[in-house]
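Asks:
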Amino acid sequence: MAFSLSDEHEAIREAVREFGENEMKPVAEEYDCEGKYPLELREKAAEYDFVAPGIPIEYGGAGMDKISSTIVTEELWRADPGIGSAVGSAGFGTNMIVEFGDEWMKEEWLPKIAGGETASCSMISEPAHGSNVAGIETVAEKEDDEFVLNGNKMWITNGTVADIGVLMAKTSPGEGHRGITAFLVPMDSDGISTDKIDNKLGIRASDLAEVVVDDVRVPEENVIGEVDKGFYQLMEFFASGRTSVASQAVGAAQGALDAAIEYAGEREQFGQKIKEFQAIEHKLAEMATRVEAARSLTYRAATEVEQNNQDIAAQFSSMAKLFASEIAVEVADEGIQVHGGSGYVTDYPAERYYRDARITKIYEGTSEIQKNIIADQLL
């Protein structure tokens with residue numbers, strides 16, 4: 001399948017890259033070392049429509065297509081995966097609101113998220129249920145015109161900084177995936193408590209938390225879509241989500257490659273730049289080829305998502321997520337090798353790309369889950 005980027009796509013790439021070079025890279029090490037959330041950068045990124053760029057124009061967003069959103073994510077992660085993750089994830093769960101939410105939800109929350117005023121979160125994973133969404137144990141019991149929510153959510157991005165969350169809970173326990181419902185939940189609701197997770201290997205600028213939901217009451221109108229249809233609604237966004245992670249991986253890989261090329265042009269050994277050694281030349285050539293292959297597969301997946309070719313999109317998004325995440329870790333590892341001892345310390349960004357890239361093999365479905373999905377499609 002052939003595809004090409006439009007002038008508009010290239011202009012978006014240039015704008016995000018400029019933002020990354022000027023605003024993100026100079027402070028990347030600081031945010032990583034301190035593990036602090038980049039609120040000011042999120043707000044600044046929103047001025048350029050880089051926060052939740054897919055939110056429709058009528059709700060304050062940029063209304064970007066999937067290829068454009070993919071480019072935004074890639075370039076944010078190329079500059080710095082930690083800050084890129086924080087900025088890029090500020091709109092978690094908004095796809096569910098856009099597609100299935102009531103009009104009041106869209107009007108009240110989408111402009112605030114797109115404008116960088118607040119962040120949202122998506123509360124799916126639990127301590128005992130990550131890849132197995134159907135096994136979640138959080139429950140929602142109907143009482144008059146309210147639902148009472150109880151459960152424990154884990155690994156929730158933006159858990160302590162979001163004002164609103166999309167929470168998945170069982171409304172028909174015992175029915176598996178057929179009994180899950182999506183709820184819009186204000187994060188300041190009575191009964192919600194959050195505990196920030198600080199001891200992360202990478203993307204330390206991104207907020208991560210455990211969220212405990214204890215007798216949280218939400219009105220019936222806070223159901224997103226239909227009762228007991230939440231799993232089916234969620235499935236519509238898996239291809240888009242996995243393509244987004246693939247673009248994160250491509251960005252991290254490209255950033256690691258950029259750092260390796262720059263270092264190879266500066267470092268001297270045996271009286272010459274190390275870029276002049278064939279061993280380094282070959283290593284950089286292999287890294288660049290892998291990155292480009294991952295990028296092409298990711299853009300193919302984004303094209304299928306944009307065209308709503310659901311079965312094909314499901315297959316290619318899993319392929320892109322699997323391949324790009326593996327490549328990101330491999331390229332980041334080689335980047336450290338190019339740096340030698342300098343790659344093992346925080347003085348250079350090589351080790352940060354290595355740590356940050358690793359998460360792309362885990363969230364939004366592990367590499368093992370992606371292989372299952374691909375095999376199911378093939379067989």
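Under full-length UniProt numbering, the residue at position 214 of the sequence shown is numbered 214, and the numbers go up by one with no gaps. We put the CB at the ideal spot given by N, CA and C, even for glycine. Nothing here was measured: the structure is a model prediction, and the numbers come from that model.
Spell out a yes or no on whether the region 103-122 and the region 133-150 are touching, meaning 3 or more CB-CB pairs, one atom from each, closer than 8 Å.
Replies: No, because fewer than three Cβ pairs between the region 103-122 and the region 133-150 fall closer than 8 Å, the two stretches do not touch.
Asks: From what residue to what residue does the alpha helix (DSSP H) around D376 run?
Replies: One-based indexing of the sequence shown puts residue 376 at position 376. From DSSP, the alpha helix (DSSP H) with D376 extends over 367-378.
Asks: Hey, quick one: how far does the beta strand (DSSP E) through A182 stretch, first residue to last?
Replies: In the sequence shown, the residue the question calls residue 182 occupies position 182. Its beta strand (DSSP E) spans residues 180-186.
Asks: Beta carbon of T366: closer than 8 Å to some heavy atom of the ligand NAD?
Replies: Absence of the ligand NAD from the depicted structure is noted, as is the absence of any ligand whatsoever, leaving it without description.
Asks: Whole-angstrom Cβ separation of A294 and F323, contact assumed at under 8 Å?
Replies: Locating residue 294 in the sequence shown gives position 294, counting from the first residue. Locating residue 323 in the sequence shown gives position 323, counting from the first residue. Right, their Cβ atoms sit about 6 Å apart.
Asks: Quick check: what's the CA-CA separation for L39 versus K112?
Replies: Indexing the sequence shown from 1 puts residue 39 at position 39. Indexing the sequence shown from 1 puts residue 112 at position 112. Each residue's alpha carbon lies about 14 Å from the other.
Asks: For A46, which residues from the same chain have a beta carbon less than 6 Å from its beta carbon, with the 5 sequence-adjacent residues on both sides left out?
Replies: For the purposes of this step, residue 46 is identified with residue 46 of the sequence shown, where counting begins at 1. Contacts found: G115, G116.
Asks: Opposite I192 in the DSSP bridges: which residues?
Replies: Here residue 192 corresponds to residue number 192 of the sequence shown, with the count starting at 1. According to DSSP, which records beta bridges pairwise, I192 is partnered with V213.
Asks: Could you tell me which uninterrupted beta strand (DSSP E) segments, each at least 3 residues in length, are contained entirely in the region 57-141, listed from first to last along the chain?
Replies: As far as the region 57-141 is concerned, its whole beta strand (DSSP E) runs of at least 3 residues are 120-123.
Asks: Just list the residues that DSSP pairs T157 with in beta bridges.
Replies: Here residue 157 corresponds to residue number 157 of the sequence shown, with the count starting at 1. Note: T157 sits in a beta bridge opposite L208.
Asks: Going by the beta-carbon positions, is the gap between S296 and G365 smaller than 9 Å?
Replies: Translated into the one-based positions of the sequence shown, residue 296 becomes position 296. Translated into the one-based positions of the sequence shown, residue 365 becomes position 365. No, these two residues do not count as a Cβ contact at 9 Å.
Asks: On the DSSP bridge list, what partners appear for E168?
Replies: Numbered from 1 along the sequence shown, position 168 holds the residue referred to as residue 168. Checking the sequence shown, residue 168 turns out to be Met, not Glu. A182.
Asks: Out of L184, D188, K196, which has the shortest C-alpha to C-alpha gap to M154?
Replies: Indexing the sequence shown from 1 puts residue 154 at position 154. Checked all of L184, D188, K196; the closest Cα to M154 is K196.
Asks: Do the region 274-283 and the region 99-107 make contact, defined as three or more Cβ pairs closer than 8 Å?
Replies: The region 274-283 is not in contact with the region 99-107.
Asks: Along the chain, where does the alpha helix (DSSP H) that runs through K44 open and close?
Replies: Numbered from 1 along the sequence shown, position 44 holds the residue referred to as residue 44. First-last of the alpha helix (DSSP H) with K44: 39-47.
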